[in-house]
């Protein structure tokens with residue numbers, strides 16, 4: 145049974161083969177990034193492993209195990225699970241409307257008894273799976289036909305609408321962008337993007353009117369942070385001060401004044417990059433950025449080396465999701481985009497994000513391990 | 115092959131678009147990196163400054179106020195440790211309970227408790243609140259011992275102004291008190307420090323800037339909530355300048371005690387230099403009370419006291435000089451050439467001018483007296499007569515030569531000019547012309563004439579020093595700077611003949627057996643003084659009263675009794691010191707003022723550097739030599 149699960153179709157690769165196919169350099173890469181995060185969490189607690197660094201390390205360890213398991217499972221298993229898992233995630237997202245509880249001012253969490261789950265996190269992964277699965281089955285010609293676009297539009301639109309309602313603007317935007325990128329990678333004709341882009345610009349005033357007051361405030365504050373230095377603009381301003389004062393080489397590990405004297409908000413979660421850049425300077429910030437680029441390039445390479453469309457789109461989806469996290473978080477703390485609650489992947493403290501992220505990397509690695517597998521457009525069930 | 119041909123087409127598109135996506139990602143990361151470069155390199159110094167502003171708070175530190183010393187280095191005003199108790203609200207689970215416990219050691223009134231609780235609610239929980247100040251050492255020690263039982267309570271030692279001689283210097287040194295609204299014209303940030311004190315009166319006020327020093331600063335690291343994490347650097351500031359006065363504290367103290375029960379003033383001056391050796395105004399108040407904070411009751415008591423303890427009588431008490439003015443009249447008469455001092459005038463007890471009788475203090479009259487004799491006996495009739503001859507203009511001019519009606523730029527603020535009336539002055543103030551009778555009254559130092567004890571001391575100094583225009587001085591050094599005024603040697607323009615004559619007259623007053631102050635003469639070995647009594651009327655004696663017999667001072671209420679005055683210089687030969695004593699409503703210059711002046715002068719001469727009996731200028735002692743030897747030996 146286990147063998148069947150690992151090797152859908154009962155052939156091709158043994159566990160040993162997969163072990164050798166696993167990209168250990170990539171593992172090293174994410175371990176390096178996570179280590180930087182754990183070190184910063186150690187610094188946030190003024191040189192203590194409690195309460196953040198130790199728990200983050202344990203979570204990372206657990207998440208690594210999940211990564212291995214997911215990576216070694218045959219890619220076709222994931223392909224077959226794509227629609228059901230999307231269905232579950234969508235159900236949970238709707239469930240949040242009724243049984244979710246509010247955390248941080250927004251309705252985002254669902255308590256399953258043994259774990260508190262953020263269905264929107266799960267949705268990001270399952271959406272990628274589902275879209276990859278859907279476009280795997282289409283020819284390039286079919287992709288750009290309107291009738292084949294109804295399903296993906298619903299796949300993206302439903303979770304987008306639900307997360308926006310929670311309200312969780314950040315995640316909603318992420319879901320939309322990931323979806324659009326997958327449409328792009330699937331080969332959707334350029335004209336759709338041009339028309340869509342123009343429509344989006346036209347929709348801005350409508351979107352503005354539907355935003356919550358605090359969301360509008362964030363956007364306005366972002367546009368002119370100095371207008372309210374002690375109010376909503378305080379976080380951005382203090383973050384920029386922290387970053388800027390770090391200079392090229394930083395103030396030294398555990399020597400960040402802005403962070404240690406609490407001028408910096410949420411420094412163990414959303415603003416951890418600021419703290420890193422304050423203490424380790426431009427050098428530290430660019431190092432982390434460099435590591436991230438290597439991860440992203442690896443993801444792209446996986447897409448280009450994979451011989452099945454599902455794996456390609458999965459790899460790109462996971463990569464682009466990871467990229468968006470990094471971009472939004474870093475751009476936010478540097479005052480380039482409005483403050484939205486997006487963590488810095490692998491570095492910010494937080495369980496759900498870590499788990500979904502590693503789940504995603506597991507899928508990416510599964511696609512890598514099974515990159516030479518060719519799968520028909522309509523393979524049907526395989527176990 | 116599991117795949118159909120279409121996958122190759124898909125893959126081509128995918129690869130092309132993956133390249134675009136990868137490029138876009140790199141571009142975005144390039145954007146992030148350049149933003150980092152902009153913030154961390156280009157704008158770094160600006161943000162570093164902002165981070166420092168965030169992190170570092172400057173706290174002003176009050177400098178130590180300059181000490182004030184007398185001429186021998188005795189401390190007149192200094193700083194004393196202020197034992198106080200602070201409360202840090204966050205360190206106690208129950209503020210009220212802590213205060214109740216503390217109350218057993220340091221009594222707290224209901225109002226104080228309310229204030230503390232209010233302060234605790236208003237400020238951040240980690241900021242200390244002052245609970246009580248100026249504790250006794252015993253209380254402070256008790257609080258320290260019980261500190262473990264008093265959560266949140268923190269004993270602390272601050273600095274506060276202290277006047278060791280309390281009231282003896284209240285009017286000269288003055289006092290410091292909390293800053294009030296009106297003081298805030300001064301831009302010194304120190305004034306905004308809570309608990310800061312500034313000079314409000316006396317030299318503390320005049321020399322406030324010098325005594326204050328300049329603010330120090332402590333740079334502390336604070337977190338986002340304002341809590342101090344640590345001190346980064348500390349500049350203690352520049353302490354205020356030390357001020358040295360010409361005063362002799364032992365003399366000051368003696369004179370204060372001697373006049374303690376009176377509303378009185380006394381000034382002792384060096385006639386050549388102008389050094390004020392003592393400047394006493396009684397009763398006084400304790401300047402320490404003003405520093406700590408005066409209760410309403412104490413303030414009202416001071417304000418309503420008929421003896422006027424708040425007034426510095428040496429410079430702001432204006433009294434008719436009475437007979438002490440006769441030296442001025444005599445000098446004016448001699449220098450005018452209109453009066454021959456040897457020519458005798460008969461005193462019948464009164465002089466008549468028009469319908470008015472002008473009485474001599476001696477009802478039965480003095481008979482024939484020349485100028486010296488009339489000074490010796492203080493005959494009023496003689497001075498009515500010569501004043502009539504000389505005229506108010508010459509008398510007034512002479513008064514100014516002796517420094518009356520003048521201010522001297524004295525260091526203690528609040529100097530009053532007194533009044534030397536002139537025709538013009540009278541017309542301007544009352545609209546009426548000058549009456550000759552008023553000249554007669556001025557001849558015996560009454561009427562409109564007003565002088566301050568300081569002016570009387572200056573007058574006496576000038577007549578004793580040979581007519582040099584000496585002015586009083588009180589401050590010798592401020593910090594390292596010698597600010598001693600050079601004594602004036604300008605002649606006041608009075609002939610030696612006139613000066614010699616009035617000096618001899620004063621000598622007779624004190625040393626002739628029939629002089630008015632003979633009973634208060636100074637005849638200790640090697641000592642002598644020459645003086646002049648004055649008894650200044652403060653009420654008008656009616657004709658009816660005069661006929662029925664003038665009431666003696668003992669028979670009338672205190673505030674209507676005559677002022678007692680006495681001025682003197684010493685020694686008689688080669689004088690060096692002058693003294694003036696005014697006892698408000700003291701009834702008689704010879705009985706109330708002269709003995710005090712004599713006692714003061716005795717001590718002055720004892721402490722004179724040239725006196726062999728003194729222990730020397732650097733270690734002066736009030737104790738009589740040989741006191742130890744006189745102490746009875748205890749039987750073994």
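Chains as they are written, first to last, in this note's numbering: chain A, 145 to 527; chain B, 115 to 750. Where a beta carbon is used, it is the ideal one built from N, C-alpha and C, also for glycine.
Where residue i falls: helix, strand or coil (DSSP)
i	result
residue 197 (chain B)	strand
residue 514 (chain A)	coil
residue 209 (chain A)	helix
residue 699 (chain B)	coil
residue 318 (chain B)	helix
residue 289 (chain B)	coil
residue 623 (chain B)	helix
residue 192 (chain B)	strand
residue 276 (chain B)	strand
residue 194 (chain A)	coil
residue 204 (chain A)	helix
residue 729 (chain B)	Note that residue 729 (chain B) scores 45 on pLDDT, short of 50, meaning its location in the model is unreliable; the coordinates nonetheless yield the value given after this. Looking at residue 729 (chain B) - three-state DSSP - the assignment turns out to be coil, as it is neither helix nor strand.
residue 303 (chain B)	helix
residue 250 (chain B)	coil
residue 406 (chain A)	coil
residue 473 (chain B)	strand
Pick from the options that is closest to residue i, judged by C-alpha positions
i	options	result
residue 493 (chain A)	A:167, A:164 and A:202	A:202
residue 454 (chain A)	A:176, A:483, A:167 and A:283	A:283
residue 358 (chain A)	A:485, A:523 and A:188	A:485
residue 298 (chain A)	A:480, A:312, A:168 and A:278	A:278
residue 388 (chain B)	B:542, B:701, B:291 and B:585	B:585
residue 173 (chain A)	A:434, A:219, A:158 and A:325	A:434
residue 144 (chain B)	A:292, A:237 and A:429	A:429
residue 615 (chain B)	B:511, B:562 and B:644	B:644
residue 268 (chain A)	A:238, A:234 and A:289	A:234
residue 695 (chain B)	B:613, B:573, B:637 and B:655	B:573
residue 486 (chain B)	B:526, B:547, B:461 and B:444	B:444
residue 237 (chain B)	B:469, B:341 and B:219	B:341
residue 672 (chain B)	B:515, B:421 and B:373	B:421
residue 312 (chain A)	A:360, A:180 and A:385	A:360
Bounding residues of the beta strand (DSSP E) (the contiguous stretch that carries residue i)
i	result
residue 178 (chain B)	Counting along the chain, residue 178 (chain B) falls outside any beta strand (DSSP E), and DSSP gives it neither H nor E.
residue 358 (chain B)	357-359
residue 335 (chain B)	330-336
Buried versus exposed call for residue i [16 or more other C-beta atoms within 10 Å across all chains shown]
i	result
residue 228 (chain A)	exposed
residue 335 (chain A)	exposed
residue 611 (chain B)	exposed
residue 662 (chain B)	exposed
residue 483 (chain A)	buried
residue 163 (chain B)	exposed
residue 393 (chain B)	buried
residue 789 (chain B)	With chain B represented from 115 up to 750, any question about residue 789 (chain B) goes unanswered, as that position is not in the structure.
Terminal residues of the alpha helix (DSSP H) in which residue i lies
i	result
residue 500 (chain B)	494-504
residue 716 (chain B)	708-720
residue 340 (chain A)	334-354
residue 175 (chain A)	168-188
is_contact[residue i, chain C] using C-beta, thresh 8 Å
i	result
residue 127 (chain B)	Absence of chain C from the displayed structure is noted, the protein chains being A and B.
Indicate whether the contact test is met: 3 or more Cβ pairs, each with one atom in the region 434-443 of chain B and one in the region 487-504 of chain B, closer than 8 Å.
yes
Would the region 704-714 of chain B count as touching the region 363-379 of chain B if we require 3 or more Cβ pairs under 8 Å?
yes
Under 8 Å, with one C-beta from each stretch per pair, do the region 147-157 of chain B and the region 312-323 of chain B reach the 3-pair mark?
no
Can at least three beta-carbon pairs, one atom from the region 507-527 of chain A and one from the region 431-451 of chain A, be found at a separation below 8 Å?
yes
Segment contact flag, the region 353-369 of chain B with the region 172-186 of chain B, C-beta cutoff 8 Å, min 3 pairs:
yes
Count Cβ pairs between the region 274-288 of chain B and the region 189-199 of chain B that sit closer than 8 Å; are there 3 or more?
yes
If you pair each beta-carbon of the region 321-335 of chain A with each one of the region 458-467 of chain A, do three or more pairs fall below 8 Å?
yes
Closer than 8 Å is the cut-off here; do at least three beta carbon pairs connect the region 344-354 of chain B with the region 174-182 of chain B?
yes
How do the region 498-510 of chain B and the region 465-481 of chain B stand: do at least 3 beta-carbon pairs fall below 8 Å, yes or no?
yes
Indicate whether the contact test is met: 3 or more Cβ pairs, each with one atom in the region 470-485 of chain B and one in the region 523-541 of chain B, closer than 8 Å.
no
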